[in-house]
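Per the UniProt record's numbering: the sequence shown = residues 1 to 430.
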Amino acid sequence: MKVRPWIQDRRGRVGLAAGAAVGLVIGLATAVVVPKLMKDDEGLEPGDLVIMSSIDESKDGQRQRLLDQWNDIHGDTNRASIKPVNRDPAKAHGEMLDAPSDVDILNLDVTWTAEFAASDRIRVLNDTDLTGFLEEPLRTCKYQGSLYALPFNTDAGLLYYRTFERAGKTWPEPPTSWDEVVSDSDEAFGARLEPKMEAGYAAQLDPDSEILTVTALEAIWAAGGDVVDDSGNVVIDSDAAERGLRRLSDGLEPGSRPVILPDSRTFDEKKSTNAFGDGRVLAMRNWPVAYRDLSTKSFSYAVTTVPGKTSVLGGQNLAVSRKSGQPRAAQALIEFLTGERSQQILFEHGGLAATREIVYRDENVTTNFPYAITLLEAIRRARPRPVTPHYTEFSTEFRKVVTEAWNHDGEITPEQATRLSNALQGKVGG
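So, in structure tokens, the structure goes:
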């Protein structure tokens, strides 16, 4: 493989002893430092680099700190900055589709990579060393066999659950199925373990948010069903898929001991985190970043994989804009931000799931963040959402079908399956 001269000393080996994954970033404090990873800027086009990105969800703005470190090294020739997009994902998607010519890098949701590649809005990445990346997030960076991006952060759903000391033992055991979530909820109610408890589980069912797509997919998968098979065919009209959706609708049934918090109908990730933190529920499904949001709470909790073990794979990918006048410099910045040191900083200090396996094996990480191995397992089991250049249309239609199914005992009709198939091919409204 050809190696460009400006990356010969940063091919995934910075600061590592051969075969060792101990102390990758030792003694990181508030002012973390990434050493100079490039000996010179040979071959890089001069000019400022602009990253178009949504809000930085890392704790204490770690992404910006990495850019500051890049600028300390390359600020004279390739100063990097962020051009923020709208906080609303739909509006952010539209802004990135119409990215101006001064934008060099797009920070894309993993579900958008296919669309931007198919419409020639991003460039193929060549001569890139992929050693060390986790296979699952890296797969979301490819379209029709070509590499269009590198994974900035990944995501996999985790089940967060409160724990209590009962008869000298920690209760409950990690739930492995939806039935166990339900039974644990009922037992917690009966034992009055949490006086503020209103329901067993906080779901994320906001009908106007992508999180409903995530929640419904995971429910269907946990029940043994599917929505789109490996050949790209819609297969949602099955007993298993209906059973998965019915579990959610049944859980919302009113009563003195509801399984799912009724307010979940309007919940996104943040609202469910608040409900869990306030003691209103025993458990919730959420992304890894919630672990840090809860770190200041005084109650005990643990994390495990989601019921059924398979979650939706989330995350963001960095791609070079077709309009960039500095594509080589832009790719170098992407490789810097997705390198091992950067990934460990984003995980340890920012709470974002790393895209490189070595981070999860590091001694500091396993000691200070014991959930890291569970997260790695969740990522390896995670599945991507349907890969299509028309994902936005598909997800919108899927949420409509899910909402309709809840009003009819989870039933999916052939007509609804046809609508989803059309949306997958971009034929909505045609």
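Each residue gets a CB set at the ideal place from its N, CA and C atoms; glycine is no exception.
Model, not experiment: these values are computed from the prediction.
To which residues does DSSP link residue i through a beta bridge?
i	result
K83	M52
G315	T154
K427	In DSSP, K427 forms no bridge with anything.
Y160	M284, V303
V234	V228
I260	Y201
R383	V312
S321	I122
DSSP three-state label for residue i, please.
i	result
K270	helix
N126	coil
F133	strand
S342	helix
Y143	strand
A378	helix
L108	strand
S209	coil
Q416	helix
A354	coil
residue 432	A query on residue 432 cannot be resolved here, the shown segment of the chain reaching from 1 to 430 and no further.
M38	Bear in mind that a pLDDT of 48 at M38, under 50, signals an unreliable position, so the model cannot answer this.
F369	coil
D102	coil
L217	helix
V113	As written in the sequence, residue 113 is Thr, which differs from the Val given in the question. Residue state, collapsed to three classes: helix.
L138	helix
E45	coil
G277	helix
L28	Note that L28 has pLDDT 41, beneath the 50 cutoff, so the model's placement of it is unreliable and the number below is only indicative. Three-state DSSP puts L28 in coil, outside helix and strand.
S58	coil
S421	helix
Could you tell me the boundaries of the beta strand (DSSP E) in which residue i lies?
i	result
R63	Unbroken run through R63 is the alpha helix (DSSP H), 62-78; no beta strand (DSSP E).
Y301	301-305
L282	281-286
Do you know whose CA, among the options, lies nearest residue i's CA?
i	options	result
T388	D68, Y201, N364, T113	T113
A99	S58, G132, S53	S53
S256	N368, R192, Q69	R192
G308	Q425, A330, T176	T176
F369	E357, E348, T154	E348
R361	L352, A353, I373	I373
Q204	A117, D230, D263	D263
N274	R265, I260, L294, V259	L294
T163	E187, D68, R356	E187
D129	G426, Q331, A405, S395	Q331
A417	D88, G132, C141, E242	E242
R383	N317, F133, S311, S146	S311
I122	S146, F133, A302	S146
R399	Q316, T215, D229, D109	T215
D250	W178, D184, W221, N286	W178
V181	S231, R247, P386, N126	R247
V50	V402, E357, I334, T366	I334
May I ask which residues mark the beginning and end of the alpha helix (DSSP H) holding residue i?
i	result
F164	From DSSP, F164 is part of no alpha helix (DSSP H) but of the beta strand (DSSP E) over 164-166.
W171	Note, W171: premise wrong, no alpha helix (DSSP H); beta strand (DSSP E) at 169-171.
L337	327-337
R361	357-361
Y201	It is not in any alpha helix (DSSP H) - Y201 instead sits in the beta strand (DSSP E) that spans 199-202.
G251	239-251
K91	89-97
R399	391-406
A191	178-191
Is any heavy atom in the ligand MG found nearer than 7 Å to the beta carbon of residue i?
i	result
E187	You won't find the ligand MG in this model; it holds no ligand whatsoever.
Taking 8 Å as the CB-CB cut-off, is residue i touching chain B?
i	result
W171	Within the model displayed, chain B is absent; a lone protein chain is all it includes.
Does the count of Cβ pairs from the segment 365-379 and the segment 143-162 closer than 8 Å reach three?
Contact holds: three or more Cβ-Cβ distances are below 8 Å.
Given 8 Å, three or more beta-carbon pairs between the segment 272-284 and the segment 195-205
Because the criterion of three Cβ pairs below 8 Å is met, the segment 272-284 and the segment 195-205 touch.
Does the segment 261-273 come close enough to the segment 290-307 to have 3 or more Cβ pairs within less than 8 Å?
The way I'd put it, the segment 261-273 does touch the segment 290-307; three or more beta-carbon pairs between them come closer than 8 Å.
Quick test of the definition: if touching needs 3 or more C-beta pairs under 8 Å, does the segment 108-123 touch the segment 73-87?
Fewer than three pairs of CB atoms, one per stretch, sit closer than 8 Å, so the segment 108-123 makes no contact with the segment 73-87.
Three CB pairs or more closer than 8 Å across the segment 402-418 and the segment 130-138
With the cut-off at 8 Å, the segment 402-418 and the segment 130-138 do not touch.
Would you call the segment 53-67 and the segment 331-350 in contact, with 3 or more CB pairs under 8 Å?
Touching, yes, given that three or more Cβ pairs across the two stretches are closer than 8 Å.
For the segment 165-175 against the segment 234-241, are there 3 or more C-beta pairs whose distance is under 8 Å?
Result no; under three Cβ-Cβ pairs closer than 8 Å.
Contact the segment 387-407 vs the segment 415-425: 3+ CB pairs below 8 Å
The segment 387-407 is in contact with the segment 415-425.
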